[in-house]
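Structure first, then comments.
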Amino acid sequence: MKRKTHYFSQEVSDQLINSETFLERKTAFQIGYDTGARVGEIIMISTEHIHQDKGDMLLWDSKKKDWKPVPLSPKTIIAIQTYLNVTKIRAKLFNVNTKTLNNWLHDACKREGIAADVGTKIRWHSWRGTFVRTHHKLGDKWIMQVTGDSYTTLLQYYQELTDEDLRRIKQNGL
Numbered sequence: 002m003k004r005k006t007h008y009f010s011q012e013v014s015d016q017l018i019n020s021e022t023f024l025e026r027k028t029a030f031q032i033g034y035d036t037g038a039r040v041g042e043i044i045m046i047s048t049e050h051i052h053q054d055k056g057d058m059l060l061w062d063s064k065k066k067d068w069k070p071v072p073l074s075p076k077t078i079i080a081i082q083t084y085l086n087v088t089k090i091r092a093k094l095f096n097v098n099t100k101t102l103n104n105w106l107h108d109a110c111k112r113e114g115i116a117a118d119v120g121t122k123i124r125w126h127s128w129r130g131t132f133v134r135t136h137h138k139l140g141d142k143w144i145m146q147v148t149g150d151s152y153t154t155l156l157q158y159y160q161e162l163t164d165e166d167l168r169r170i171k172q173n174g175l
């Protein structure tokens, strides 16, 4: 049986990001939380994809094989600016692979005493689900545009179905 992904609460997300002492990891966690980027999208980010003046970045949508603009919060822009100022990186933002990003998250969770809920697994995709749940109030269309996911995917993988969602699916055949 395939294990479901664990999601972080706002409090736990803040704890993981704020307690991280390695700047590279802290920046990656902040971007993951703020954008819901897939692990493959994170490792593709280069400095040329970050538009601090516009407050967004381009992420490679590995499923759609296209670049998509993703808005960044002021906190994430500051985290990226700090990281770039300290590291002087001018190419790929993170020179790591997907396994490394997952290991960073596992290490941080272990250090902070954060365990997966029963029947779930902590992995980088936890940031994506956390993003969807955290930003649900901004509306499904906004989340679909930022993540590149369909409405059905959002409901199937990231959100609890409410009575309103069930009515909408029945009415619209989504």
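Counted from 1, the sequence shown has number 164 at position 163 by our numbering; the numbering is strictly sequential.
Glycine is no exception: its CB is placed at the ideal position from the N, C-alpha and C atoms.
Just so we're clear, the structure is a prediction, and the values are computed from it rather than from any experiment.
- Inter-residue distance for Val87 and Leu94 is about 12 Å (C-alpha atoms, whole angstroms).
- Closest in C-alpha terms to Glu21, from the list Arg112, Gly130, Met58, comes Arg112.
- For the set Ile51, Thr131, Lys89, the Cα lying nearest the Cα of Leu73 is the one of Ile51.
- For Tyr34, the CB contacts under 6 Å within the same chain, skipping 5 residues up- and downstream, are Ser14, Trp128 in chain order.
- If you look at Val71, you'll find it isn't in any alpha helix (DSSP H); it sits in the beta strand (DSSP E) that goes 67–72.
- Between Tyr8 and Gly120, the gap from beta carbon to beta carbon reaches 8 Å or more.
- Cβ-Cβ separation between Leu60 and Ile81: approximately 13 Å, too far for a contact (criterion under 8 Å).
- Comparing alpha-carbon positions, the option among Ala92, Lys69, Asn96, Trp125 lying closest to Asp108 turns out to be Trp125.
- Of the residues assessed, Gly114 falls on the exposed side of the cut-off, its CB having fewer than 16 other CB atoms within 10 angstroms.
- C-alpha of Thr48 to C-alpha of Lys89: approximately 10 Å in a straight line.
- In this structure, the CA atom of Thr6 is about 30 Å from the CA atom of Thr83.
- DSSP places Ile51 within a strand segment (E or B) once states are collapsed to three.
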